[in-house]
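Visitor: To start, I am sharing the structure in question, which I have written as structure tokens.
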Amino acid sequence: MDTLKKKNNLFIPFIVAVIGSALMILTIFLPYTSATKEFAERIDSYPEAVAYSNTDIKASDVKNVSMVQYASMYSSNSKEILHQSSVGIIYVVIVVGIGIFSLLSLIFALLKKPIPLIISDVLAFGVFTFLGWDFRDRGLMRSAYNWGIGYYLFYIGIVMALVGAVLLIMTKKKGKKQLQEN
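With my numbering, letter number 140 in the sequence shown gets 140, and the count goes up by one each step, no holes.
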């Protein structure tokens, strides 16, 4: 009976952590940036126009761009877009890093391991924050783009995963304390 009660007490923190971690993974594929209203209207007017000279990237391809799409565009066209061929690899590494740390968060949430979950969340947050800083530093966010839904959902996901991890720690400690008292 006590084991069943302990499992029930861990259920809500477990679900919160799993949903948050899964949301972090999902955001990699959702729009990280979205064109401003004015820029989106221009894109809609000329969807087949070339977005970057000497590339095959069309304007319609850059209206709502996910982290995976940025990594793909930058890795295959970094010389044309960023004026350095090696820079695209950095974006691939950053996005893969976010993905790996988010996946580790999900694995640790599923295993109900709150400390490794917190560590992987902090690492995912660090890499994600670095990517956002880079976009702001290059002036991308001041021009024709706003943050997309993926950007905001990542923060919600990481908060949920961290809250779930903290609740798992508290629930496990409370359960151990009750066992010692009995």
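Think of the CB as a built atom: it goes at the ideal place given N, C-alpha and C, for glycine as much as any other residue.
Mind checking which residues open and close the beta strand (DSSP E) that includes V65?
Guide: Looking at the DSSP string, the run of the beta strand (DSSP E) that includes V65 is N64 to S66.
Visitor: Give the secondary structure of K112 by DSSP, where H, G and I count as helix, E and B as strand, and everything else as coil.
Guide: Three-state result, K112: coil.
Visitor: Am I right that P116 and S66 are in contact with their C-beta atoms under 8 Å? What's the rounded C-beta distance?
Guide: P116 to S66, Cβ: 27 Å. No contact.
Visitor: Could you name the residues that DSSP lists as bridge partners for T33?
Guide: V65 and W147, per the DSSP bridge assignment.
Visitor: Select from F154, L168, N146 and I158 the residue whose C-alpha is nearest the C-alpha of K37.
Guide: Here the closest residue by C-alpha is N146.
Visitor: Assuming the contact rule is C-beta atoms closer than 8 Å, D121 and I98 should be a hit. Round their C-beta distance to whole Å, please.
Guide: 11 Å between Cβ atoms; not a contact.
Visitor: Just tell me which of Y155, P114, K112 and G148 has its CA closest to the CA of G126.
Guide: The shortest Cα separation from G126 among Y155, P114, K112 and G148 belongs to Y155.
Visitor: Considering only C-alpha positions, which residue in the set V16, N64, A161 and F135 is nearest to F29?
Guide: Selected option, being the one with the closest Cα: N64.
Visitor: Output the distance between the C-alpha atoms of D56 and V50, rounded to the nearest integer angstrom.
Guide: Between D56 and V50, the C-alpha separation is close to 7 Å.
Visitor: Measure from the alpha carbon of D134 to the alpha carbon of each residue in P114, K173 and I90, then state which is nearest.
Guide: That would be I90, whose Cα lies nearest to the Cα of D134.
Visitor: Could you pull out every residue in the same chain whose Cβ sits closer than 8 Å to the Cβ of A59, ignoring the five residues on either side in sequence?
Guide: Within the same chain, A59 has close Cβ partners R42, I43, Y46, P47, E48, A49, V50 and A51.
Visitor: Grab me the residues of S75's own chain with a C-beta within less than 8 Å of its C-beta, minus the 5 sequence neighbours each way, in chain order.
Guide: G88, I89, Y91 and V92.
Visitor: How many angstroms separate the CA atom of G150 from the CA atom of K173?
Guide: For G150 and K173, the distance between alpha carbons rounds to 34 Å.
Visitor: Is A22 near A161, with beta carbons less than 7 Å apart?
Guide: No; because the gap between Cβ atoms is not below 7 Å, this pair is not in contact.
Visitor: In its own chain, which residues sit with a C-beta less than 8 Å from the C-beta of L153, not counting the 5 before and 5 after it?
Guide: Contacts found: L23, L26, T27 and L30.
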